[in-house]
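Visitor: Here you go, one structure.
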Amino acid sequence: MAPKKNDGSTKRIMNKGAWTAEEDRKLAEYIEIHGAKRWKTVASIAGLNRCGKSCRLRWLNYLRPNIKRGNISDDEEDLILRLHKLLGNRWSLIAGRLPGRTDNEIKNYWNSHLSKKINHKEKTLQNSRAQETATPSQKDSGTEGDEGGGGKESVNNSDVNFDVNEFFDFSAEGSYGLEWVNKFLELDEDTMNYSEKVSNIM
DNA sequence: AACGAAGTCAACCGCTAATTT
DNA sequence: GAAATTAGCGGTTGACTTCGT
């Protein structure tokens, strides 16, 4: 990327760290009037000594209307697990399918809760597999599933590659409903591979 | 009760992609 | 078409809380 220009020779010291109620109020007020865009100017005009990025993050993760906080339900958890299996660490995409949830929240939830659960699950699975090694089972090429575990990317783990973006058609607004998820989950009956899923859903 | 370890989560950072000038 | 600016993403950090000893 182009080297960042530091406009103005005098470097302003920006506020960092936790937001105060007063800052929240200013930001929310400003956005209500002017909308959520041009974050750099939001920060200065709203009288917030914060960088635009920080304002954006605060708005998206906490101040935005219809944000759900905490209490991730079992259904949501299940959905996150499945979507992560499918998409990997694409938190914003996953969040986009969970109304009211933010990418940051899901990422945190994954890192603190789910990744451990999965590790544990994998370990027990490995143990049971180890005991079964006596039986020369069918080749386990595609079976990994690799619940995302520690592994960075699980998107391409399967034998089938497909364009996730195309699959989800992210350009389509209003697809936040969960119908597509239900379709997907219905189809997620183990052996069916992704290309089959795609053609079924399309 | 005190203290250290582990867990949680809000916020920051560095980067790329997209958009504007 | 190039440069500058803005938006957005995922990874990481660090302050705070909870738990175990």
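In this note's numbering, the protein residues as written are 1019 to 1220. Quick reminder that beta carbons are idealized off the backbone N, C-alpha and C, glycines included.
Ends of the alpha helix (DSSP H) at residue 1261?
Guide: In the structure as shown, the chain begins at 1019 and stops at 1220. Residue 1261 is therefore absent and cannot be evaluated.
Visitor: Is the distance from the Cβ of residue 1136 to the Cβ of residue 1098 below 8 Å?
Guide: Contact: no.
Visitor: Using DSSP with H/G/I as helix, E/B as strand and the rest coil, what is residue 1139?
Guide: Three-state DSSP puts residue 1139 in a helix.
Visitor: Can you look up residue 1070 in the DSSP assignment and give me helix, strand or coil?
Guide: In the structure shown, residue 1070 sits in a helix (DSSP, three-state: H, G or I).
Visitor: So what does DSSP say about residue 1035, is it helix, strand or coil?
Guide: In this structure, residue 1035 counts as coil in the three-state DSSP scheme.
Visitor: Going by DSSP in three states, residue 1116 sits in which element: helix, strand or coil?
Guide: The answer is coil: DSSP assigns residue 1116 none of H, G, I, E or B.
Visitor: Find the nearest neighbour of residue 1061 within the set 1039, 1033, 1091, judged by alpha-carbon distance.
Guide: Of 1039, 1033, 1091, the residue nearest in Cα terms is 1033.
Visitor: If I measure Cβ to Cβ from residue 1037 and keep anything under 6 Å in the same chain, skipping five residues before and after, which residues do I get?
Guide: Taken in chain order, the residues that qualify are 1076.
Visitor: State yes or no: is the C-beta of residue 1078 within less than 8 Å of the C-beta of residue 1045?
Guide: No.
Visitor: Rounded to whole angstroms, what is the Cα-Cα separation between residue 1071 and residue 1050?
Guide: Going by the C-alpha atoms only, they are around 18 Å apart.
Visitor: Please return the same chain residues whose Cβ sits closer than 7 Å to the Cβ of residue 1054, not counting the five positions on each side in sequence.
Guide: Once the five neighbours on either side are set aside, the close Cβ partners of residue 1054 are 1077.
Visitor: Mind checking residue 1041: buried by the 16 CB within 10 Å criterion, or exposed?
Guide: The residue is buried, with at least 16 neighbouring Cβ atoms inside 10 Å.
Visitor: Please list, in chain order, all residues of the same chain as residue 1118 whose beta carbon is under 7 Å from its beta carbon, the five residues on each side excluded.
Guide: Same-chain partners within the cutoff: 1084, 1085, 1086.
Visitor: Within 10 angstroms of its Cβ, does residue 1120 collect 16 or more other Cβ (buried), or is it exposed?
Guide: Classification for residue 1120: buried.
Visitor: For a quick check, are the C-beta atoms of residue 1080 and residue 1064 less than 8 Å apart?
Guide: Contact: no.
Visitor: Give the DSSP-derived three-state secondary structure of residue 1148 in the structure shown.
Guide: Residue 1148 falls in the helix class under three-state DSSP.
Visitor: Please classify residue 1068 as buried or exposed, where buried requires at least 16 neighbouring CB atoms within 10 angstroms.
Guide: Burial call: buried.
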